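Worksheet: one structure, shown below.
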Amino acid sequence: MSRRVRLGVNIDHVATVRNARGGAHPDPARAAEQALAAGADGITAHLREDRRHITDADIEVLSALCRRANRPLNLEMAVTDEMLAIALRHKPHAACLVPERREEVTTEGGLAVAGHAARIKPVVQALSDAGVRVSLFIEPSPEQVEAAVAVGAHVVEFHTGRYCLLSGQERAAEFDRLKAAAAQAHALGLEVHAGHGLDYATAGAILDIPEIMELNIGHFLIGEAVFVGLDAAIRRMRAAMDAALAEQGA
Ligand code: PXP
């Protein structure tokens with residue numbers, strides 16, 4: 003039997019479109035409800051320091067919505083006192099610690115955990131003590147995996163952005179890096195997730211890495227929703243993931 007991999011749908015870019023006009027439409031909470039109805043296993047949202055997409059009020063609504071639906075909310079957050087206080091107030095199912103630079107268009111690289119344990123470890127501890135499952139969004143490198151274990155994380159999410167942007171030999175090399183890091187993380191007791199830049203094809207391909215338990219996907223799905231609707235885009239992503247998994251199980 004093939005394994006099951008969870009699909010977390012990141013709804014940030016519904017808020018990006020809403021914010022372009024400053025009103026209430028399109029509503030990310032409505033997108034979250036539709037995503038769950040279409041088969042998303044959970045909702046992911048990134049409360050950025052500059053609030054460029056999801057806002058504090060959105061997190062309030064999304065927390066309540068996920069609690070009602072009994073589905074996990076995965077809050078992506080920078081390692082700051084402000085974000086820690088917000089996360090501790092809402093106690094989402096999971097928090098994914100990400101690097102954040104105001105001038106970046108998206109989360110450009112993984113969190114530098116190695117060398118920054120003193121700053122990251124207390125945040126991981128505080129979230130864990132509050133019952134929040136802590137994930138670290140990292141590059142697939144041995145040093146970062148070891149550092150993730152050292153600071154007490156439960157999960158690592160590998161940044162697949164580079165893999166998705168590359169092609170040919172370079173993509174194959176990045177795949178090997180992801181595969182080795184996933185095996186290392188799993189052997190050290192961490193749960194393995196992946197995300198960033200994934201589309202139907204790359205989501206399927208990345209599932210060849212057997213330790214991956216969850217994918218978090220946003221931009222592509224919200225973009226596809228413009229053409230086929232959110233429900234259809236998520237169902238097609240689920241089908242692409244299931245087809246890739248069935249192929250391995252066969
Ligand atoms: N996982 C993490 C930790 C992210 O920061 C993002 C982007 O917000 C994603 C997954 C989703 O990436 P994309 O929007 O490119 O699918």
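Throughout, the working numbering is defined as the position within the sequence shown, counted from one, plus 2. Every residue gets a Cβ at the ideal spot worked out from N, C-alpha and C, and that includes glycine. If you're wondering where the values come from, they're calculated on a predicted model, not measured in any experiment.
DSSP lists 77 and 136 as the bridge partner or partners of residue 97. Residue 9 sits in a strand when the DSSP states are folded into three classes.
For residue 161, the enclosing beta strand (DSSP E) starts and ends at 157-161. Annotated as distal: residue 194 and residue 182, with beta-carbon spacing of 9 Å or more. Under the three-state reduction of DSSP output, residue 204 falls in the helix class. With respect to the C-alpha of residue 214, the residue from 225, 220, 167 and 142 having the closest C-alpha is 142. Shortest gap from the CB of residue 156 to any heavy atom of the ligand PXP: 8 Å or more. Cβ neighbours of residue 84 within its own chain (closer than 8 Å, five residues either side excluded): 51.
In the pairwise beta carbon analysis, the stretch 123-134 is classified as touching the stretch 147-156: at least three pairs are separated by under 8 Å.
Residue 98 holds the alpha-carbon nearest to the alpha-carbon of residue 134 among 248, 98, 120 and 161. In the structure shown, residue 217 adopts extended strand secondary structure according to DSSP, grouped into three states. Boundaries around residue 16 are those of the alpha helix (DSSP H), 14-23, since no beta strand (DSSP E) includes it. Taking all protein chains shown into account, residue 64 has 16 or more neighbouring C-beta atoms within 10 Å of its C-beta and is therefore buried.
With a cutoff of 8 Å, residue 21 does not count as near the ligand PXP, since its C-beta is closer than that to no heavy atom of the ligand.
Not one heavy atom of the ligand PXP lies closer than 8 Å to the C-beta of residue 126.
Non-local beta-carbon contacts of residue 216 in its own chain, meaning distances under 7 Å to residues more than five positions away in sequence, involve 7, 8, 10 and 195 in chain order.
Annotation: the continuous beta strand (DSSP E) that includes residue 196 extends over 193-197. DSSP places residue 92 in the helix class (H, G or I) of the three-state scheme.
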